[in-house]
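Accompanying notes for the structure given below.
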Amino acid sequence: MERIGKKLKNKINQLKNIIIQENFIEFIKKISIYLKKNLKKVLICFPPIDFLIFYFSIVNLKKRIKAEENIDDILETAGYYKINYKKINAEEWEDPQKISYERKGVELCKGKYEGYGKYRFNLCQEKESIKKLLKRVKSLGPSVIMEIGTASGGSLYTWCRYLKDLEMIISIDFDFNGREKLFKSFAPEKEMHFIEGDSHDQNVFEKVSKILKSKKVDFIYIDADHSYEGVKKDFEMYKRFASNNTIIGLHDICHFGTGVPKFWKEIKRFYKTEEFGEKLQKNGLVYLKRV
Ligand SMILES: C[S@@+](CC[C@H](N)C(=O)[O-])C[C@H]1O[C@@H](n2cnc3c(N)ncnc32)[C@H](O)[C@@H]1O
Numbered sequence: 003m004e005r006i007g008k009k010l011k012n013k014i015n016q017l018k019n020i021i022i023q024e025n026f027i028e029f030i031k032k033i034s035i036y037l038k039k040n041l042k043k044v045l046i047c048f049p050p051i052d053f054l055i056f057y058f059s060i061v062n063l064k065k066r067i068k069a070e071e072n073i074d075d076i077l078e079t080a081g082y083y084k085i086n087y088k089k090i091n092a093e094e095w096e097d098p099q100k101i102s103y104e105r106k107g108v109e110l111c112k113g114k115y116e117g118y119g120k121y122r123f124n125l126c127q128e129k130e131s132i133k134k135l136l137k138r139v140k141s142l143g144p145s146v147i148m149e150i151g152t153a154s155g156g157s158l159y160t161w162c163r164y165l166k167d168l169e170m171i172i173s174i175d176f177d178f179n180g181r182e183k184l185f186k187s188f189a190p191e192k193e194m195h196f197i198e199g200d201s202h203d204q205n206v207f208e209k210v211s212k213i214l215k216s217k218k219v220d221f222i223y224i225d226a227d228h229s230y231e232g233v234k235k236d237f238e239m240y241k242r243f244a245s246n247n248t249i250i251g252l253h254d255i256c257h258f259g260t261g262v263p264k265f266w267k268e269i270k271r272f273y274k275t276e277e278f279g280e281k282l283q284k285n286g287l288v289y290l291k292r293v
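First residue of the sequence shown? That's 3 in the working numbering, and the numbers climb one at a time after it.
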């Protein structure tokens with residue numbers, strides 16, 4: 003809201019300048035062009051309208067949650083990526099950078115939850131890979147988890163809905179765009195913390211530290227900065243909240259064109275690991291317990 007307020011102030015100042023420097027007709031023209039372009043954006047920030055779109059989104063979400071009986075239903079709510087391997091021919095596999103760049107063969111299956119405005123979310127994961135990962139994580143019974151890279155909240159939804167025994171969830175992203183109240187409704191009975199900022203910032207690290215006190219994180223999921231240095235830094239920084247039994251999940255361990263595969267290859271030399279999924283959009287799990 004604070005940011006929107008600042009933006010609005012800037013716009014008002016710009017308009018004041020137009021009135022002073024140009025004539026009134028010019029001013030009206032510029033206002034109508036601005037409104038034509040941004041009416042929807044301006045209106046949905048208006049508190050009563052935000053309240054309504056949140057309310058109707060939650061009504062739909064509750065209906066979906068009620069209808070969920072198993073992991074497939076949860077994934078149907080959140081949506082997922084489907085990879086059409088037929089669209090990727092053998093020749094293209096020879097130059098995988100190209101595949102990931104064009105996202106060829108990767109199709110988005112929209113979730114059955116129908117949200118409005120900013121209260122929409124979609125899981126950015128290939129279905130089979132996240133399904134297998136979720137099952138494995140659940141079998142290890144984590145009670146405190148941390149996710150780096152929330153985006154619109156798709157994977158957060160799956161943790162909240164499928165890992166029923168969770169007690170605490172910490173989620174980090176640069177910007178939640180005011181969606182925290184939607185995220186909280188994924189699992190109102192659980193303790194949830196949302197930290198906005200760069201995960202590599204000491205500030206963010208300290209906020210996590212304050213929340214956890216002496217608690218350890220059982221499952222850390224890294225799906226944020228996909229550069230080699232970025233993922234390595236997240237791994238090294240947040241591993242400090244881990245116990246011997248902690249597991250760390252990484253997304254896109256074979257997503258060509260990112261630095262994750264290089265880091266994954268390296269980390270496999272030191273820890274027991276497990277992979278979930280095929281080729282593109284694979285998840286990996288690191289067992290910190292030395293074997
Ligand atoms: C691929 S999306 C996450 C998708 C989500 N986990 C899902 O499966 O639905 C990556 C997110 O990480 C965030 N991100 C990237 N680098 C980050 C950083 N250094 N600190 C915090 N968030 C970061 C981006 O803003 C983006 O929302």
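Heads up, the beta-carbon is just placed ideally off N, CA and C, and yes, glycines get one too.
{"Asked": "Spatial neighbours of Arg122 in its chain, beta-carbon cut-off 7 Å, leaving aside the 5 residues before and after", "Found": "Ser154"}
{"Asked": "Terminal residues of the alpha helix (DSSP H) in which Asn205 lies", "Found": "204-214"}
{"Asked": "Under the three-state DSSP convention, the category Arg271 falls into", "Found": "coil"}
{"Asked": "Beta strand (DSSP E) runs wholly inside the region 168-208, at least 3 long, in chain order", "Found": "170-175, 193-198"}
{"Asked": "Contacts around Phe207, its chain only, beta-carbon distance under 7 Å, and the 5 residues preceding and following it disregarded", "Found": "Met239"}
{"Asked": "Rounded distance between the beta-carbons of Leu142 and Ile249, thought under 8 Å", "Found": "6 Å"}
{"Asked": "Cβ-heavy atom distance, His195 to ligand 1, below 7 Å", "Found": "no"}
{"Asked": "Sub-8 Å separation of Asn149 and Ser131 beta-carbons", "Found": "Sequence inspection shows Glu at residue 149; the Asn mentioned does not correspond to that position. Result no, Cβ atoms of Glu149 and Ser131 do not sit closer than 8 Å."}
{"Asked": "Three-state class that DSSP yields for Asn285 in the structure shown", "Found": "strand"}
{"Asked": "C-alpha gap between Asp236 and Ser201, whole angstroms", "Found": "7 Å"}
{"Asked": "Same chain, Cβ closer than 7 Å to Glu277, five either side skipped, listed in chain order", "Found": "Ile255, Lys284, Gly286"}
{"Asked": "Ligand 1 heavy atom lying under 7 Å from the CB of Ile174", "Found": "yes"}
{"Asked": "Closer than 7 Å: Ile76 CB and nearest ligand 1 heavy atom", "Found": "no"}
{"Asked": "Cβ-heavy atom distance, Lys137 to ligand 2, below 7 Å", "Found": "No copy of ligand 2 occurs in the structure displayed; its ligands are ligand 1 alone."}
{"Asked": "Check whether Leu136 and Thr152 have beta carbons under 8 Å apart", "Found": "no"}
{"Asked": "Host alpha helix (DSSP H) of Lys42 (start-end)", "Found": "26-47"}
{"Asked": "Beta-carbon contacts of Leu165 that lie in its chain and below 6 Å, excluding the five residues immediately before and after", "Found": "Lys140"}
{"Asked": "Which listed residue (Leu282, Lys212, Pro50) has its alpha carbon closest to that of His195", "Found": "Lys212"}
{"Asked": "Meets three-Cβ-pair contact criterion under 8 Å: the region 227-236 and the region 255-266", "Found": "yes"}
{"Asked": "Terminal residues of the beta strand (DSSP E) in which Asp220 lies", "Found": "219-224"}
{"Asked": "Between the CA atoms of Ser245 and Gly7 - distance to the nearest angstrom", "Found": "43 Å"}
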